[in-house]
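Undergrad: Protein chains in written order, with this note's numbering: chain A, 1 to 97; chain B, 98 to 194.
Heads up, the beta-carbon is just placed ideally off N, CA and C, and yes, glycines get one too.
Encoded as structure tokens, here's the structure I'll be asking about.
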DNA sequence: ACAAAGGTTATCAAATATGATAACATATCC
DNA sequence: GGATATGTTATCATATTTGATAACCTTTGT
């Protein structure tokens, strides 16, 4: 007995639509993910832990984990990002293109 | 009768201290002011009004005025900045240096 | 095996940013 | 002068982010 569903055009279109929405959503969030990845990369490059960053900023490592995580889409404000950058001994660079 | 106060070292130090704090504060807010100035410049360059940006985003011109203003230090979150950038037909570029 | 280090997730309180609205000010146009 | 366009400021409600804490998980070191 075959239990495998046969692909149909409707299925294909639905999947394509979902992919399009997913892509659109992902594109919309690119700046967020970009800065998160940069923060994590810089922290690791400098051999710092989340806890050390947290201490420099005056917060908790769990809050740093939340900030760094790609598993949520909280939108950090500039103060938060600026503080993290400063804790890295760096500056936040923000512009338009 | 002389009514002019004579400068003293204490006065000088106090003024220098204030300037130092002001400068420090200003430096800390540089990224904020930088992106504000860029948003305004881009909007004007594209010949758009605050109201037009507001309509594209789905907010009010007064909120755009507040966002653009150098007279306050509200720290916009990334979503807000991303929306403005998109209304300009541009992308927000954020990184570390 | 156990402890410590490093990180993740959830929850709720507190703080802050944005939404919504109105009044006001200035500049421009007819 | 009056109407319109553009921008500013204030106020309060609402939404969102951050603060604070705890429990949990994984990795590392001894």
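1) Which residues in chain A have a C-beta closer than 8 Å to the C-beta of residue 194/B? List them in chain order.
2) How would you call residue 87/A, buried or exposed, if buried means at least 16 neighbouring beta carbons within 10 angstroms?
3) Using a cut-off of 7 Å between C-beta atoms, extract the partners of residue 78/A located in chain B.
4) Quick one: list the residues of chain B neighbouring residue 50/A, beta-carbon separation under 8 Å, in chain order.
5) Going by beta carbon distance, what residues of the same chain come within less than 8 Å of residue 42/A, once the five residues before and after it are set aside?
6) Residues in the same chain with beta-carbon distance under 7 Å from residue 76/A, minus the five sequence neighbours each way, listed in chain order, please.
7) Since residue 189/B contacts residue 178/B with CB under 8 Å, what's their CB separation in whole angstroms?
8) On the premise that residue 181/B lies in contact with residue 136/B, defined as a C-beta separation below 8 Å, what is that separation, rounded to the nearest angstrom?
9) For residue 78/A, collect the residues of the same chain with a Cβ closer than 8 Å to its Cβ; drop the 5 residues on either side in sequence, then sort them by chain order.
TA: Reading off the structure:
1) For residue 194/B, the residues of chain A that pass the 8 Å Cβ criterion are 90, 91, 93, in the order they occur in the chain.
2) Buried: at least 16 other Cβ atoms inside 10 Å.
3) Within chain B, 128, 129, 172, 173 have C-beta atoms less than 7 Å from the C-beta of residue 78/A, given in sequence order.
4) Simply none; closest approach about 17 Å.
5) Excluding positions up to five away in sequence, the list reads 88, 90.
6) Hits under 7 Å: 67.
7) That belief holds up - the Cβ atoms of residue 189/B and residue 178/B are roughly 5 Å apart, short of 8 Å.
8) Between residue 136/B and residue 181/B a beta carbon distance of about 6 Å is seen, short of the 8 Å cut, so the two are scored as contacting.
9) Apart from the 5 residues on each side of it in sequence, residue 78/A sits with its Cβ closer than 8 Å to the Cβ of 92, 94 in its chain, given in chain order.
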